[in-house]
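Residue numbers (this note's numbering): 78 to 451.
Built from N, CA and C at the ideal position, the CB exists for glycine as well.
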Amino acid sequence: MGSLARRDRNDGEERLDLATDYVLRLFADAMNVDVADLQELDLADPLSLTSVQNMTIVSQLDASIGAVPLTLLFDRSSPAAVIDYLVSERSSEFDRLAVAEEPAEKSADEASDADGEAGSGFAYAYIYNKYFTSLANSARVPIAAYFKRRGDGHAPVLLDLCCGTGQLACYFGRNGYRVFALDNSSAMLAVAQQNAAQLDGSHDIHFLNADAASFDLPEKASFVTATSNALCSIPDIGSLRKCFVQVRKNTSDEGVFVFDMNTIDGMRQTNMVIVRESGDDFFVIRTIFEPAAIRVIARTSGFLRYNDGVNVGPWQRFDNTAIESGYRVDDILAALSDAGWANAWPAALANLEQPLEAPETAERCFFVAEAGGR
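Here you go:
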């Protein structure tokens, strides 16, 4: 998308014209239509956007004027409403954008690559939300039952670390927890916030875009979760220790941290190819275990077509590469101890209180860490 031309900042009509041009380009780029097509419409009418189109617009606004609410287009679904938001609530940021010097123009190939990368990230988040949340969904009830047994009667505060598309955050949020859901992927968080927006009843869920090893919560958590091998994405034991330190810093002295990680033996079983196809998506997952590096590389490539039952969009290609590192159970426990966790043990999901006798032979371990001793 082209940069904005210099205009007179003090002229309200010029600012409105500029915001209109900018917003129409945002919507046109996301919807893959010409701006002229949108100019023929009543800009006050809501537009039917797919989830990925919605996230693409929000991402562009984030990059241009700073953080905007992930639910912006749920609350303001028409171009006119977004224009009003820019000129009435974000005027100073928009003015700085409007009068900025012209940056060097990207080549057509560079612009296409950047747009494609952003679209691919959102498409993969959509696929992840549809197909790859079974572990989080199966873990939430046993973990919640364990937290209830460990509760102290105070209103519980949960940190869902590396929350992905928010399955645990939504579950705990609708069950009375104050939840902080943290992830370093804006695409994953956008889908997570959409999932939260669809919950029935009230909830207290706050989404944070941050790294698992460098974040601060506004209040300390009483419980912390991290599921679906999320912490296996941390590349080395030093970085894993930093993550554990940061989580401990943001956890109360009576707090409990429950997370899962594949064992090295479990990783050895992941050499496979998976192909999935439906009417609106097709993708291939190739996973390779590299014994020398003790890691798994998972590459997902495919196509997604957005179909809300009324509007059918074009096919979008997406690619994602995930690298998961393997750690010895004893090294994980030592890293937790070094980070200030008083007690920790590997367990099975079905019985989080009971330490596993031979954890290295399990495919996956759930680790339980206590901030203070019992």
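Where residue i sits in the DSSP three-state scheme
i	result
G332	strand
S70	Because the chain in this structure spans residues 78 to 451, residue 70 falls outside the shown range and cannot be described.
A303	strand
Q346	coil
K183	Low local confidence applies: a pLDDT of 43 at K183 is under 50, so the model's placement there is unreliable, with the coordinate-based value given in what follows. In the structure shown, K183 sits in coil (DSSP, three-state: anything other than H, G, I, E or B).
R84	With a pLDDT of only 41 at R84, under 50, the local geometry of the prediction cannot be trusted, and the value read off the model is given with reservation. R84 falls in the coil class under three-state DSSP.
F284	strand
D358	strand
R405	coil
A157	helix
G243	coil
T364	strand
N252	coil
L124	coil
N384	strand
G198	helix
N109	coil
A375	strand
Length of the line joining the Cα atoms of residue i and residue j
i	j	result
D337	E447	15 Å
W422	F257	25 Å
S263	T302	19 Å
I362	Y203	15 Å
K225	Y205	29 Å
N339	N252	28 Å
G315	D237	22 Å
S184	L101	The predicted position of S184 is uncertain, since its pLDDT is 46 and thus under 50; a value taken from the coordinates is nonetheless stated next. Distance between the alpha carbons of S184 and L101 is about 22 Å.
N420	Y223	16 Å
D139	L410	39 Å
E90	L118	20 Å
Element boundaries [beta strand (DSSP E), containing residue i]
i	result
Q116	Note, Q116: premise wrong, no beta strand (DSSP E); alpha helix (DSSP H) at 112–116.
A369	Note, A369: premise wrong, no beta strand (DSSP E); not H, not E.
V324	V324 -> not in any beta strand (DSSP E); alpha helix (DSSP H) instead, spanning 314–326.
R441	441–447
F395	389–402
A424	420–425
F257	255–260
Integer-rounded CB distance, given that residue j should sit under 8 Å from residue i
i	j	result
Y201	F395	5 Å
G250	H231	G250 to H231, Cβ: 17 Å. No contact.
Q323	A290	5 Å
T133	A107	4 Å
Within 8 Å, strictly: CB atoms of residue i and residue j
i	j	result
A412	L259	no
T242	A274	no
V406	E367	no
N131	P391	no
F284	L266	yes
D373	A298	Sequence inspection shows Val at residue 373; the Asp mentioned does not correspond to that position. No, the Cβ-Cβ distance between V373 and A298 is not below 8 Å.
G347	F360	Sequence inspection shows Thr at residue 347; the Gly mentioned does not correspond to that position. No, these two residues do not count as a Cβ contact at 8 Å.
A399	A375	yes
L124	P156	yes
N327	D288	no
L163	F171	yes
N261	N286	yes
V77	R153	Residue 77 lies beyond the residue range present for the chain, which begins at 78 and ends at 451; the question has no answer from this structure.
T304	L212	yes
N397	D357	no
F321	A416	yes
R325	W418	yes
E440	D330	no
L276	C247	yes
V333	V445	yes
I371	S402	yes
Heavy atom of the ligand MG within 7 Å of residue i beta-carbon
i	result
R217	Of ligands this structure carries none, so the ligand MG is not represented either.
Limits of the alpha helix (DSSP H) - the one that residue i falls within
i	result
N428	Unbroken run through N428 is the beta strand (DSSP E), 428–432; no alpha helix (DSSP H).
P219	211–227
V234	Here V234 belongs to no alpha helix (DSSP H); instead the beta strand (DSSP E) covers 234–238.
A273	263–274
Test: residue i CB closer than 8 Å to a CB of chain B
i	result
P146	Considering every chain present, this structure includes no chain B. It has just one protein chain.
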